[in-house]
Ligand SMILES: [Zn+2]
Ligand SMILES: [Zn+2]
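Residue numbers (our numbering): 74 to 205.
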């Protein structure tokens with residue numbers, strides 16, 4: 074009886090952890106430190122990863138609702154850390170983070186360039202190629 078309960082708890086924990094933490098720690102730290110090599114890895118990952126695609130696209134759509142005239146008040150490292158947690162099942166980034174990512178060229182390239190590529194490919198396939 075007791076061991077069955079323990080098995081259930083272990084199984085439950087495993088389920089909670091499963092979708093998260095699939096981005097290697099090294100990449101995470103590298104991106105937070107603005108290492109180009111790791112930024113490129115992340116961009117490629119965001120374009121191909123099933124798990125990151127949905128949160129990335131909904132973030133992209135949310136971005137259009139943010140007031141972008143406010144200056145980014147936080148360092149890139151903090152905004153990126155919040156984004157990583159979001160991709161791993163954390164809460165949607167707050168407006169300050171969204172404003173930073175929208176106003177900061179570096180973070181915009183890092184997260185929204187892959188997002189735009191994903192949206193074009195997944196949701197507007199007609200826009201690929203020379204079709205007008
Ligand atoms: Zn991913
Ligand atoms: Zn930034």
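Heads up, the beta-carbon is just placed ideally off N, CA and C, and yes, glycines get one too.
Just so it is clear, the structure is predicted and the values come from calculations on it, not from any experiment.
- [ ] Could you check the C-alpha separation between residue 134 and residue 163 for me, to the nearest Å?
- [x] Taking the chain shown and counting its residues from 1, the one referred to as residue 134 is at position 61. Taking the chain shown and counting its residues from 1, the one referred to as residue 163 is at position 90. Going by the C-alpha atoms only, they are around 18 Å apart.
- [ ] Can you grab the Cα-Cα spacing for the pair residue 182 / residue 79, in whole Å?
- [x] Numbered from 1 along the chain shown, position 109 holds the residue referred to as residue 182. Numbered from 1 along the chain shown, position 6 holds the residue referred to as residue 79. Those two C-alpha atoms are separated by around 46 Å.
TODO: Please go through the same chain and pick out, in chain order, the residues whose beta-carbon is closer than 6 Å to the beta-carbon of residue 77, but skip the five residues on each side of it.
DONE: As a position in the chain shown, residue 77 is number 4, starting the count at 1. Hits under 6 Å: none found.
Open item on the list: Check this for me: beta carbons of residue 116 and residue 186, under 8 Å apart or not?
Closed with: Locating residue 116 in the chain shown gives position 43, where the first residue counts as 1. Locating residue 186 in the chain shown gives position 113, where the first residue counts as 1. Taking C-beta atoms as the reference points, residue 116 and residue 186 count as a pair closer than 8 Å.
Task: Buried or exposed by the 16-neighbour rule on C-beta atoms within 10 Å, applied to residue 89 - done: Translated into positions along the chain shown, residue 89 becomes position 16. Any reading at residue 89 is ruled out, since the residue's pLDDT is 48, under 50, leaving its predicted position unreliable.
- [ ] Could you tell me how far apart the beta carbons of residue 191 and residue 126 are, in whole angstroms, since I believe they sit closer than 8 Å?
- [x] Position 118 of the chain shown holds residue 191. Position 53 of the chain shown holds residue 126. Contact holds; Cβ gap of about 6 Å.
Open item on the list: Between the alpha carbons of residue 100 and residue 81, how many angstroms are there, rounded?
Closed with: To locate residue 100, count along the chain shown from 1; it is residue 27. To locate residue 81, count along the chain shown from 1; it is residue 8. Cα atoms of residue 100 and residue 81: separation of roughly 33 Å, rounded to the nearest angstrom.
- [ ] Throw me the rounded Cβ distance for the residue 150 and residue 105 pair, which I believe falls under 8 Å.
- [x] Counting from 1 along the chain shown, the entry for residue 150 is found at position 77. Counting from 1 along the chain shown, the entry for residue 105 is found at position 32. Here residue 150 really is in contact with residue 105; their C-beta atoms are around 5 Å apart, less than 8 Å.
Open item on the list: Please state the DSSP three-state secondary structure of residue 187.
Closed with: Looking up residue 187 in the chain shown gives position 114. If DSSP states are grouped into helix, strand and coil, residue 187 belongs with the helices.
- [ ] Under 8 Å Cβ to Cβ from residue 154, same chain only, skipping five residues before and after it: list those, please.
- [x] Along the chain shown, read from residue 1 onward, the residue named residue 154 stands at position 81. So the qualifying residues of the chain are 105.
Task: Chain-order list of residues whose beta-carbon lies under 8 Å from that of residue 159 (same chain, five-residue window excluded) - done: The residue you call residue 159 lines up with position 86 of the chain shown. Around residue 159, the same chain offers 128, 132, 165, 166 as residues with beta carbons nearer than 8 Å, after the five sequence neighbours per side are excluded.
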